[in-house]
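A.B. asks: Take a look at the following structure, please.
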Amino acid sequence: MSKNERPSQELRSPEEVFNGDNLPDDLKWVMTHFGLPKNDPFVVLLAWHWHRVQSNKDVLESARQEMDTSLDAKLKAFEEIAAKSVSLKDEIRRLEALMARSPDTIAEEWRTKWDASLKKGMADVKALSDSLNTLLPQTKSAFRTLRIHQMLAVFFSGLASGSLIGIWIHSLLSSRL
0 MSKNERPSQE LRSPEEVFNG DNLPDDLKWV MTHFGLPKND PFVVLLAWHW
50 HRVQSNKDVL ESARQEMDTS LDAKLKAFEE IAAKSVSLKD EIRRLEALMA
100 RSPDTIAEEW RTKWDASLKK GMADVKALSD SLNTLLPQTK SAFRTLRIHQ
150 MLAVFFSGLA SGSLIGIWIH SLLSSRL
């Protein structure tokens with residue numbers, strides 16, 4: 000019988016359950032202790048009752064396992080909720096402490112933080128501006144040199160192209176004459 004499978008709940012007659020010599024050891028002891036014969040109706044009734052108790056024991060064990068599984072999941076969820084509520088309490092206390100301060104105190108804190116960060120930002124911008132001002136003349140000179148080199152390259156490529164075209168026209172005309 001598997002873990003989730005429940006035993007059959009159909010009632011069977013005592014004669015179907017009772018199999019003479021095939022009794023549990025406890026019932027055999029009762030029969031020998033009290034001197035009861037195997038065919039005594041009391042023994043048959045006791046065997047049938049014993050079988051019903053064992054069947055119900057399996058059903059109860061199966062139900063207990065299902066309940067344990069269900070309760071374990073619920074307890075885990077309750078533990079998570081409890082942990083979150085503790086952290087939530089701490090956060091609420093922190094917010095209450097922040098809200099208990101006066102608006103003037105909060106405004107002064109923000110003003111000092113903004114002033115400090117604004118002064119630092121302005122200093123960084125000024126330093127960047129100074130470094131760019133020192134690079135400006137060098138950049139202008141580099142662009143002038145680049146422009147001159149471009150003009151020379153265009154001039155010489157035009158001169159070379161014109162010379163090649165002139166040589167080609169000269170060879171074309173001289174071959175026809």
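Here the sequence shown stands for residues 0 to 176, numbered as in numbering that gives the first Met the number 0. Ideal Cβ positions, reconstructed from N, Cα and C, are used throughout, including at glycine. Every value quoted in this text rests on a predicted model; they were computed, and no experiment measured them.
1. Between residue 26 and residue 49, is the Cβ-Cβ spacing less than 8 Å?
2. DSSP on residue 39, reduced to helix/strand/coil?
3. How big is the Cα-Cα spacing for residue 6 and residue 64?
4. Measuring only the C-alpha atoms, how far is residue 42 from residue 30?
5. For the alpha helix (DSSP H) containing residue 23, list its first residue and its last residue.
6. Please state whether DSSP places residue 176 in a helix, a strand or coil.
7. Within 10 Å of its beta-carbon, does residue 122 have 16 or more other beta-carbons around it, so buried, or fewer, so exposed?
8. Tell me the DSSP secondary structure of residue 110 in three-state form.
9. How many whole angstroms separate the CB atoms of residue 46 and residue 70, which I take to be in contact at a CB cut-off of 8 Å?
10. So what's residue 93 in DSSP terms, helix, strand or just coil?
11. Kindly indicate which three-state DSSP category residue 61 falls into: helix, strand or coil?
C.D. replies: So, to answer that:
1. The count along the sequence shown starts at 1 and reaches residue 26 at position 27. The count along the sequence shown starts at 1 and reaches residue 49 at position 50. Closer than 8 Å, so yes.
2. Walking along the sequence shown from the start, residue 39 turns up at place 40. Reduced to three states, the DSSP call for residue 39 is coil.
3. Walking along the sequence shown from the start, residue 6 turns up at place 7. Walking along the sequence shown from the start, residue 64 turns up at place 65. Model confidence at residue 6 stands at a pLDDT of 47, short of 50, so the residue's coordinates are unreliable; what they give is reported in the following sentence. If I take the Cα positions, the gap works out to 14 Å.
4. Within the sequence shown, residue 42 is the residue found at index 43, counting from 1. Within the sequence shown, residue 30 is the residue found at index 31, counting from 1. Going by the C-alpha atoms only, they are around 7 Å apart.
5. Your numbering for residue 23 matches position 24 in the sequence shown. Residue 23 -> no alpha helix (DSSP H), and no H or E assigned at all.
6. As a position in the sequence shown, residue 176 is number 177, starting the count at 1. Coil.
7. The residue labelled residue 122 in the question sits at position 123 within the sequence shown. Per the 10 Å Cβ criterion, exposed.
8. Numbered from 1 along the sequence shown, position 111 holds the residue referred to as residue 110. For residue 110, the three-state secondary structure derived from DSSP is helix.
9. Taking the sequence shown and counting its residues from 1, one reaches residue 46 at position 47. Taking the sequence shown and counting its residues from 1, one reaches residue 70 at position 71. Residue 46 to residue 70, Cβ: 36 Å. No contact.
10. Mapped onto the sequence shown, residue 93 falls at position 94. DSSP places residue 93 in helix when its eight states are reduced to three.
11. The count along the sequence shown starts at 1 and reaches residue 61 at position 62. DSSP places residue 61 in helix when its eight states are reduced to three.
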